[in-house]
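Under the UniProt record's numbering, the sequence shown has 130 at position 130, and the numbering climbs by one with no breaks.
Glycine included, C-beta positions come from ideal geometry on N, C-alpha and C.
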Amino acid sequence: MERTYIMVKPDGVQRGLVGEIIKRFESRGYQLMALELLHPTKEHLEEHYKDLAGKPFFPGLIQYMLSGPVVGMVWAGKDAVKTGRVMLGETNPMASAPGTIRGDFALDVGRNICHGSDSVESAEREIALWFPRGVNSYERSISVHGLIYEN
Ligand code: DAT
Ligand code: MG
Numbered sequence: 001m002e003r004t005y006i007m008v009k010p011d012g013v014q015r016g017l018v019g020e021i022i023k024r025f026e027s028r029g030y031q032l033m034a035l036e037l038l039h040p041t042k043e044h045l046e047e048h049y050k051d052l053a054g055k056p057f058f059p060g061l062i063q064y065m066l067s068g069p070v071v072g073m074v075w076a077g078k079d080a081v082k083t084g085r086v087m088l089g090e091t092n093p094m095a096s097a098p099g100t101i102r103g104d105f106a107l108d109v110g111r112n113i114c115h116g117s118d119s120v121e122s123a124e125r126e127i128a129l130w131f132p133r134g135v136n137s138y139e140r141s142i143s144v145h146g147l148i149y150e151n
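Structure representation (structure tokens):
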């Protein structure tokens, strides 16, 4: 099953949106594989966002991400990466459709409450970065699986 890394950012945690975000992935049918609340270091965040180093907003992004704890999660299921991004909405909340997380709960690009991996490769890189001790897999009961998937 494809996996994605979803993270509630400090503004999402402070605003009490952790449960709301978990609920959306759970009710869609995705399987929770890992979850941790933690306060990442600057170096850890710079590694996570290394593709954006050099962008004018990079220092502000790191500062905001350091402002409080985040909740990192691994979710697994059909097209988890692509569908996870659809569920998050656009990077800029003002361009995000209602019904998406950013479209329902955010206004500013610099306070967009959640992160989602943008490709299968970056998902695996991010999962290794945020869950260095590894992620155990477990089987969902066959009856639950059959209610979510045709095969
Ligand atoms: P996404 O989080 O949708 O994958 P991204 O990877 O391009 O978007 O950027 C990471 C974060 O950086 C994004 O969630 C918010 C911030 N960001 C991106 N573009 C920005 C901009 N033009 N101004 C301010 N912050 C920006
Ligand atoms: Mg991104």
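CB of residue i within 8 Å of CB of residue j, strictly
i: Gly-72; j: Gly-110; result: no
i: His-115; j: Lys-9; result: yes
i: Gly-103; j: Gly-89; result: yes
i: Val-135; j: Val-81; result: no
i: Ile-62; j: Leu-45; result: yes
i: Glu-150; j: Ala-76; result: no
i: Leu-35; j: Val-70; result: no
i: Val-74; j: Ile-127; result: yes
i: Tyr-5; j: Trp-130; result: yes
i: Met-87; j: Arg-15; result: no
6 Å CB neighbourhood of residue i in its chain, flanking five on each side removed
i: Ala-97; result: Gly-103
i: Asn-112; result: Pro-93, Arg-102 and Ala-106
i: Gly-12; result: Ile-113 and Cys-114
i: Gln-132; result: Looking at the sequence itself, residue 132 is Pro, so the reference to Gln does not match. Closer than 6 Å at the Cβ level, and outside the excluded window around Pro-132, lies no residue.
Same chain, Cβ closer than 7 Å to residue i, five either side skipped, listed in chain order
i: Ser-67; result: Pro-10
Exercise for the section: Decide yes or no for the touch test of the region 25-38 against the region 98-108: beta carbon pairs closer than 8 Å, at least 3 of them. Expected result: The region 25-38, when compared against the region 98-108, does not touch it at the 8 Å Cβ threshold.
Exercise for the section: Check each residue's C-beta against every heavy atom of the ligand DAT and list, in chain order, those closer than 6 Å. Expected result: Matched residues: Leu-52, Phe-57, Leu-61, Thr-91, Val-109, Gly-110, Asn-112, His-115 and Asp-118.
Problem - Secondary structure, alpha helix (DSSP H): runs of 4+ residues fully inside the UniProt domain "Nucleoside diphosphate kinase-like" (1-137) - result: Segments of the alpha helix (DSSP H) lying fully in the UniProt domain "Nucleoside diphosphate kinase-like" (1-137): 10-14, 18-28, 42-48, 58-65, 80-88, 101-105 and 120-130.
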